[in-house]
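Student: Sharing a structure below in structure tokens format, with a few things to ask.
Protein chains in written order, with the working numbering: chain A, 1 to 395; chain B, 1 to 215.
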């Protein structure tokens, strides 16, 4: 009741259009800040979220950039150790290559083929094929093999049609034994190879590591070769630091897997720009609001003084004035949060169609930021009201 | 609550009252609870100044004013507001109404500023007794001085008080209206067991005064 009368006495001395402008400024500032927070959260979710984990993406095969002028493109042990120490590298697996001559041929005339071959091995943890057949017993002449998926694709879609051969499924390939001949001092040592899996990660012919170590000791004809490729495990192949490190050290990896890095830099830039613009706008909005309050109080100074003379307490006036300003702020904050929530829902539906999964609801960080901004607004308003009312109360 | 004055002199009047004596200025005055005090003051003797000092509206004085045991100067703004809402009411010589509010809103302001002691109908009753019921819904700014003075009187009577301070409260009223207003004020003071201090230029018999001062 008292406030109804106060409302008639203390009309906002600044006019509706100016208060609308101040509100609009606050609204835009909030939208920028909240969307910056939400975009950051979404991006982190895309990067680290379980549903988005792509097992291939977390393992990168790294080698030196091939440079025609440099005969040696291997990685030194110092370089490998250095790579191991980087914070964005979780583990490094060296690819060991065979140091003896190998050939493979078909055991039957139905699929006649012959090829010279090489083997490589890498610790099992770095292999994306899980198979119970993936082991070698010392003394056994049976060798499990893992070949790249692309090999089969090359055969099925390139080679087989042109040679009028039948196309093979993975299961068919896995049933065909391959005769492996190792050349050793002019003699041929026969083994039987069998494909037990297809790798999307490492484009090489892989054999179990214990077999290759034994075979290199047994048949090795060359000096121990240097490592030319390593597999690194990383939680975040899109990390710009990783990409920069590889570039600075003359190394390369599958560019497809690190292209996220570029997107990430773009997102980071957008997020920072949004942050900074939002923060600056918020600062201005706060300034405008506090000027707004000063102007309202200054333009009704005589009325406020008379009210105080008649016995209105400064705290009654403060409460009344806060009631004039705070609901508007709360509405603006709530509307911004709702708008961001709606945008998030639309974004989620859009990204889901692209097989990217983010939460359909906004994050706690976003809501927390909105509450924080509201608290700051309240504090600034409260301080301004108190300061200018007390000035009039003391007069 | 007693109001005590100790060697109170407003600085602008200081030189004048060193030479001549006054019932109030530069002396010891105890305004006891429930007393009905008349201060007779010719023009220019500081009548309105006294009222403003007593209501803590100006501070340019020497000596002391006590509300009970509290030095008026040291009472903070929040406490003064409470005192003005519950213990000390006032009728200003210059009335001090909100011109844009209606007469009723001006009066209601003091009714609901603190916990109301009267229902809104009391405004109509009092207005009728003073003959201003017809202008209650009119903006105070367009009311005549006599009407505004009666609005200010009713406004002052809407709140609880122990002291009512009145600065020439009937200056714009004719004899008949003065009698009605004085009767209403006396009635309300008795209801509250309250004292008052009224200033005027001349002697009068509007109230049964218990004490007289010459300024």
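Every residue, glycine too, gets a C-beta built ideally from N, C-alpha and C.
Under 8 Å between C-beta atoms, does residue 5/A make it to chain B?
Tutor: By this cut-off, residue 5/A is an interface position.
Student: Would you kindly report the start and end of the unbroken beta strand (DSSP E) that includes residue 25/B?
Tutor: From DSSP, residue 25/B is part of no beta strand (DSSP E); its letter is neither H nor E.
Student: If you run the structure through DSSP and keep just helix, strand and coil, what is residue 144/A?
Tutor: DSSP places residue 144/A in strand when its eight states are reduced to three.
Student: So with Cβ pairs under 8 Å, would you call residue 52/A a contact of chain B?
Tutor: Here the model assigns residue 52/A a pLDDT of 49, short of 50, so the residue's position is not dependable and the matter cannot be decided.
Student: Using 8 Å as the threshold, is the region 188-207 of chain B in touch with the region 23-38 of chain B, meaning 3 or more CB pairs across them?
Tutor: Enough Cβ pairs lie closer than 8 Å, so yes.
Student: Go ahead and pull the three-state DSSP assignment for residue 4/B.
Tutor: Strand.
Student: With DSSP collapsed to three states, give me the class of residue 250/A.
Tutor: If DSSP states are grouped into helix, strand and coil, residue 250/A belongs with coil.
Student: Between residue 317/A and residue 307/A, is the Cβ-Cβ spacing less than 8 Å?
Tutor: Yes.
Student: Residue 220/A and residue 143/A - do their beta-carbons sit closer together than 8 Å?
Tutor: No, they are not a contact pair.
Student: Looking at the structure shown, is residue 217/B part of a helix, part of a strand, or coil, going by DSSP?
Tutor: Nothing can be reported for residue 217/B, as the shown portion of chain B is limited to 1 through 215.
Student: Going by the DSSP bridge assignment, what does residue 115/A pair with across the sheet?
Tutor: Beta-bridge pairing links residue 115/A to 104/A.
Student: CA-CA distance, residue 345/A and residue 297/A?
Tutor: So the alpha carbons of these two residues sit roughly 42 Å apart.
Student: The alpha helix (DSSP H) spanning residue 84/A covers which residue range?
Tutor: Note, residue 84/A: alpha helix (DSSP H), 77-85.
Student: Name the residue from 178/A, 35/A, 295/A whose alpha carbon lies nearest to the alpha carbon of residue 191/A.
Tutor: The option with the nearest alpha carbon to residue 191/A is 178/A.
Student: Contact between the region 52-65 of chain B and the region 6-17 of chain B: three or more CB pairs below 8 Å?
Tutor: As far as the Cβ criterion goes, the region 52-65 of chain B touches the region 6-17 of chain B, which means the pair count is three or higher.
Student: Can you tell me which of 147/B, 26/B, 66/B, 18/B puts its alpha carbon nearest to the alpha carbon of residue 2/B?
Tutor: Out of 147/B, 26/B, 66/B, 18/B, 66/B has the C-alpha closest to the C-alpha of residue 2/B.
Student: Say the cut is 7 Å; is the CB of residue 153/B nearer than that to a heavy atom of the ligand PLP?
Tutor: As far as ligands go, the structure on display features none, and thus does not contain the ligand PLP.
Student: Under a Cβ-count criterion, where at least 16 other Cβ atoms within 10 Å of its own Cβ denotes burial, should residue 55/A be classed as buried or exposed?
Tutor: Low local confidence applies: a pLDDT of 47 at residue 55/A is under 50, so the model's placement there is unreliable, and no value is given.
Student: So which residues of chain B does residue 346/A contact, with C-beta pairs closer than 9 Å?
Tutor: Simply none; closest approach about 49 Å.
Student: Cutting at 8 Å between CB atoms, please list the residues of its own chain near residue 270/A, excluding the five before and the five after it.
Tutor: The answer, listed in chain order, is 39.
Student: Taking only the alpha-carbon atoms, compute the straight-line gap between residue 52/A and residue 358/A and give it to the nearest angstrom.
Tutor: In this prediction, residue 52/A has a pLDDT of 49, which is less than 50 and means its spatial position is unreliable; nothing more can be read from the coordinates.
Student: Which partner residues of residue 195/B appear in the DSSP bridge assignment?
Tutor: According to DSSP, residue 195/B bridges with 163/B.
Student: Could you name the residues of the same chain whose beta carbon sits closer than 8 Å to that of residue 293/A, not counting the 5 residues immediately before and after it, in chain order?
Tutor: Cβ neighbours of residue 293/A beyond the five flanking positions: 321, 325, 381, 384, 385, 388.
Student: Since residue 386/A is in the alpha helix (DSSP H), which residue starts that stretch and which ends it?
Tutor: Residue 386/A -> alpha helix (DSSP H) spans 364-394.
Student: From which residue to which residue does the beta strand (DSSP E) around residue 214/B run?
Tutor: Start and end: 211-214.
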